[in-house]
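From first to last, the protein sequence lines are chains A and B.
Under our numbering, think of the first position of the first sequence as 1, with each following residue one higher.
Under our numbering, think of the first position of the second sequence as 1, with each following residue one higher.
Even for Gly, the Cβ is constructed at its ideal location relative to N, Cα and C.
Read through the structure below, which is laid out as structure tokens, and then see the notes.
Protein chains: 2
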Amino acid sequence: MKIEELNEGFYEKLLTIWEKLNASLELDYILRNAMAYLEEVLEAERSSIWELDEQKEELFFRVFSGGDRDKVEEIRLKIGEGVAGHTAMTSAPVIIEDAENSRLWSVKVDERTHFQTKSILSVPLLFREKVVGVVQLINKKNGGVFTGRDLRSVEMMCIPIATALVNAKLFKELEQTFMETALALADAIEKRDRYTAGHTRRVTRYAMWIAEEINLPAAEKKWLALSGILHDIGKIGIRDNILNKDGPLGSGEFETMKQHTVFGAEIVEKIHSLGKVVGGILYHHEKMDGSGYPKGLKGEEIPLFARIISVADTYDAMTTDRPYRKGLSSEEATKELEKMSGSQFDPDMVAAFLRRIPREVRDAN
Amino acid sequence: MKIEELNEGFYEKLLTIWEKLNASLELDYILRNAMAYLEEVLEAERSSIWELDEQKEELFFRVFSGGDRDKVEEIRLKIGEGVAGHTAMTSAPVIIEDAENSRLWSVKVDERTHFQTKSILSVPLLFREKVVGVVQLINKKNGGVFTGRDLRSVEMMCIPIATALVNAKLFKELEQTFMETALALADAIEKRDRYTAGHTRRVTRYAMWIAEEINLPAAEKKWLALSGILHDIGKIGIRDNILNKDGPLGSGEFETMKQHTVFGAEIVEKIHSLGKVVGGILYHHEKMDGSGYPKGLKGEEIPLFARIISVADTYDAMTTDRPYRKGLSSEEATKELEKMSGSQFDPDMVAAFLRRIPREVRDAN
């Protein structure tokens, strides 16, 4: 391939986008950027990146420029179906001059978007010679047709896009395995306590609701989730006879039970990179007025994660049955949270949770 | 930057290397490749990639072409020290015509390698404007000096190198956090059993020795390590009174205790991507002659990981003290392993372990 065959300035842009693409955090933003640039250079009306779902052998939109994203979110093309599916099947690029009269074309997307596809440039995203997706430019402006030069520009851009997609996927998979493993082990630890089946999962879910309501950044949300998953792991250090006692604990037993916050923090503390989750574990039984444990911290001395988990944890404890009492209804429990907002709980976290809960209860019914 | 300012064919090579760089598994191999290419194009005698150790604020060799790697492995440059350290400090490239007469130059590397550095081209590896390392080309052949054109070629190559280094680091960190978390939770679970402190860590270490002796591929070793870490987590499902009983277990109690293999597998089974570790957990008490549990599998019906862990697990059980007996010496225990090689254990795994153990015992003393 010769440089001269590429569009003007393409090379420099490619390198810039390449650099950015590898910072996977904002991957979607940068992919949109890359596609917007391709649209401009190639004078195309629209563009999209289809990603391959290997398990289902289907393509779905990873990036879709122009129009309503909602309308295309559910569109899936089988390998071999439509132009994108054909590109994925053959691993070869294709230039289509007149979509409606092409035997490859599928009307699926246009039907949803009320857009009229005319010309298409469709290029496979290859990683180690395997298709991982398809890039498409739609409708050359002024009724023109995409050229060989356009194709080469897109092919060039496809290299970093493909590798970035693969990298992001590998990273996400590892992250997910990590979370699932932590959850499985926390679940197993929880099972010793015969009254709290599913507690860990529910508390983590409730904490996520609050996180979404207060717009916690995505990276922080991951740490909070892990905090939620691990918040009670210290119970592994509590003996069966206390953990599973029928009826309320005596004061000595309760003091022992309180130690689960400290035990849990000790387990996690050893892992350098999990520094962010320790607070949520150690302090999830602190109260805003300083009457909690283990340290008696007050107000904002209590780390944010702990203030979130505290609300989630208490709500779940109130709404589940225990051997010596039946669980409260969601309404009763939210009233209790409101009553203790400010003294026991951070009012902002209670407010966030109360904003969210009606919708969740409605959706669950 | 204009294409014309780059060395001939550089652009195409860049794109190829870029694609490969993002497949992080063989990162070192590809980095060496990229540097070999730069050496050739720029007519340089040597080249290297220094990586920044952020914590220590030191540079170390990630790739070092030519000469003995052993000799440079321990070399570390502080930020600001030598040409590489200067490049890292200023984030700016530098071309040095005559190293010995440059005030920036440090003799550290040449002293070790008995090499004579003359000219240097030193370029920072930047990721989001932060230095992550330094690339250097050493000694332009025929006594020449590196040119501005050379510099631009190296700068171009630095973009994928920097991003690949950062990506690999992020991935490795996540992987390590994952392993450490699994180990911390397994440790915590193990602590309930007051006779087995450190058992999980030791078994995993022994399993790794065997893996190295039988040349298990790196990716498999990771799965085996996780299998070792998690091999006894099913003990979380065994009650305190059986787990911590003074003296040998009654037959009913022993049947319960055997269930830890099944419980452990059940916990991990739910995690789709951990399929590879289930066998090592479920079958680590199987015996080659079919007399083990839970299934009574025979010979190679027993998964490899389980055959490895079985040797590691038994050796550790034999060499640690229990309430009702003192642990065996390493010599006595290895004799026992030999005796049961073939009937209880896979002979190849025993042989691998026995090959390794003298060295480890010697190193420990």
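Under DSSP, the alpha helix (DSSP H) around LYS141 (chain A) begins and ends at which residues?
Careful: LYS141 (chain A) lies outside any alpha helix (DSSP H) and carries neither H nor E.
Backbone CA spacing between GLY144 (chain B) and ARG46 (chain B) [nearest angstrom]:
Distance between the alpha carbons of GLY144 (chain B) and ARG46 (chain B) is about 14 Å.
Tell me which residue opens and which closes the beta strand (DSSP E) that ILE120 (chain A) is part of.
Here the beta strand (DSSP E) through ILE120 (chain A) covers 120-127.
Taking DSSP's pairing of strands, which residues face GLU58 (chain B) in a bridge?
Residue pairing of GLU58 (chain B) in beta bridges, as defined by DSSP: B:ASP53 and B:LYS78.
Name the chain B residues whose beta carbon is nearer than 8 Å to that of TYR191 (chain A)?
Per the sequence shown, residue 191 (chain A) should be read as Lys rather than Tyr. The contacting residues are ILE236 and GLY237.
So PRO93 (chain A) and GLU51 (chain A) are supposed to be a Cβ contact under 8 Å. How far apart are they, rounded?
Not quite, the Cβ-Cβ distance comes to about 17 Å (not below 8 Å), so this is no contact.
How do the segment 190-200 of chain B and the segment 293-302 of chain A stand: do at least 3 beta-carbon pairs fall below 8 Å, yes or no?
Under the Cβ criterion (8 Å, minimum of three pairs), the segment 190-200 of chain B does not count as touching the segment 293-302 of chain A.
Any idea which residues DSSP pairs LYS295 (chain B) with across the strands?
Looking at the DSSP assignment, LYS295 (chain B) forms no beta bridge with any residue, so it has no partner.
Taking 8 Å as the cut-off, decide whether the C-beta atoms of SER119 (chain B) and GLY82 (chain B) are in contact.
No, these two residues do not count as a Cβ contact at 8 Å.
Nearest-angstrom Cα distance between PHE171 (chain B) and PHE254 (chain A)?
Those two C-alpha atoms are separated by around 42 Å.
Local conformation of GLN176 (chain B) per DSSP, three classes:
Correct three-state label for GLN176 (chain B): helix.
What's the call for GLY237 (chain B), buried or exposed, on a 16-neighbour Cβ count within 10 Å?
The Cβ neighbour count for GLY237 (chain B), taken over all protein chains shown within 10 Å, is at least 16; the residue is labelled buried.
Would you please verify whether the beta carbon of ASN167 (chain A) is less than 8 Å from any beta carbon of chain B?
So, interface residue.
Taking the beta carbon of ALA218 (chain B) as the centre, do at least 16 other beta carbons fall within 10 Å, making it buried, or is it exposed?
ALA218 (chain B) comes out exposed.
Using only alpha-carbon positions, find the residue among A:ALA317, A:GLN259 and A:ALA265 that is nearest to LEU226 (chain A).
The residue among A:ALA317, A:GLN259 and A:ALA265 with its C-alpha nearest the C-alpha of LEU226 (chain A) is A:ALA265.
Using the beta-carbon of each residue, which ones in chain A are nearer than 9 Å to THR177 (chain B)?
For THR177 (chain B), the chain A residues whose C-beta falls within less than 9 Å of its own C-beta are PHE178, ILE271, HIS272, SER273 and LEU274, listed in chain order.
Interface residues of the segment 305-324 of chain A facing chain B [CB-CB below 8 Å]
Among the residues of the segment 305-324 of chain A, none has a Cβ less than 8 Å away from any Cβ of chain B.
With three or more beta-carbon pairs closer than 8 Å as the criterion, would you say the segment 267-279 of chain A touches the segment 319-332 of chain A?
Taking 8 Å as the limit for Cβ pairs, the verdict is that the segment 319-332 of chain A does not touch the segment 267-279 of chain A.
Extent of the continuous beta strand (DSSP E) run through ILE96 (chain B):
Residues 94-96.
Sort A:ALA364, A:GLU300, A:ARG362 and A:GLU58 by Cα distance to GLU74 (chain A) and report the nearest one.
Minimum Cα distance to GLU74 (chain A) is reached at A:GLU58.
Could you tell me which chain B residues have their CB closer than 8 Å to the CB of ASP240 (chain A), listed as they occur along the chain?
Near ASP240 (chain A) (Cβ distances below 8 Å), the residues of chain B are ARG239, ASP240 and ASN241.
Using a Cβ cut-off of 9 Å, which residues of the segment 144-165 of chain A contact any Cβ in chain B, in chain order?
Against chain B - using a Cβ distance shorter than 9 Å - the residues of the segment 144-165 of chain A are MET156, ILE159, PRO160, ALA162, THR163 and ALA164.
Using DSSP's beta-bridge definition, name the partner residues of GLY342 (chain B).
For GLY342 (chain B), DSSP records no beta bridge to any residue.
Is CYS158 (chain A) close to chain D? Criterion is C-beta to C-beta, closer than 8 Å.
Although the question refers to chain D, the structure presented lacks it and instead comprises the protein chains A and B.
Flag this pair as touching only if the segment 278-293 of chain B and the segment 175-183 of chain B have three or more C-beta atom pairs under 8 Å; answer yes or no.
With the cut-off at 8 Å, the segment 278-293 of chain B and the segment 175-183 of chain B do not touch.
Would you say LYS235 (chain A) and ILE309 (chain A) are within 8 Å of each other, going by their C-beta atoms?
Contact flag unset, no.
Taking Cβ-Cβ distances shorter than 9 Å, what residues in chain B pair up with GLU173 (chain A)?
Within chain B, the residues near GLU173 (chain A) are SER273.
Indicate the three-state DSSP secondary structure (helix, strand or coil) for LYS326 (chain B) in the structure shown.
Assignment of LYS326 (chain B) by DSSP, reduced to helix, strand and coil, places it in the coil class.
Pairwise C-alpha distance: GLY247 (chain B) and ALA162 (chain B)
The alpha-carbon atoms of ALA162 (chain B) and GLY247 (chain B) are separated by roughly 59 Å.
By the DSSP assignment, the alpha helix (DSSP H) with GLY265 (chain A) in it spans what residues?
Reading the sequence as shown, one finds Ala at residue 265 (chain A) and not Gly. That run of the alpha helix (DSSP H) goes 260-269.
Using three-state DSSP, classify SER24 (chain B) as helix, strand or coil.
Any reading at SER24 (chain B) needs caution, since the residue's pLDDT is 49, under 50, leaving its predicted position unreliable; the model's value is listed next. Three-state result, SER24 (chain B): helix.
Could you work out which residue in A:ARG194, A:ILE233 and A:ASN167 is closest to LYS191 (chain B) when comparing CA atoms only?
The residue from A:ARG194, A:ILE233 and A:ASN167 with its alpha-carbon nearest to that of LYS191 (chain B) is A:ILE233.
So the candidates are A:ARG103, A:VAL72, A:ALA164 and A:ILE302; which of them puts its Cα closest to the Cα of ARG128 (chain A)?
The option with the nearest alpha carbon to ARG128 (chain A) is A:ALA164.
Boundaries of the alpha helix (DSSP H) in which THR319 (chain B) is found, first to last residue:
It spans 304-319 - the alpha helix (DSSP H) in which THR319 (chain B) sits, taken as one unbroken run.
Restricting to Cα atoms, I'd like to know which of A:PHE305, A:LYS141 and A:ASP70 is closest to PHE345 (chain A).
Cα-wise, what sits closest to PHE345 (chain A) is A:PHE305.
Cutoff 8 Å: VAL268 (chain B) Cβ touching any chain A Cβ
Output row for VAL268 (chain B): interface = yes.
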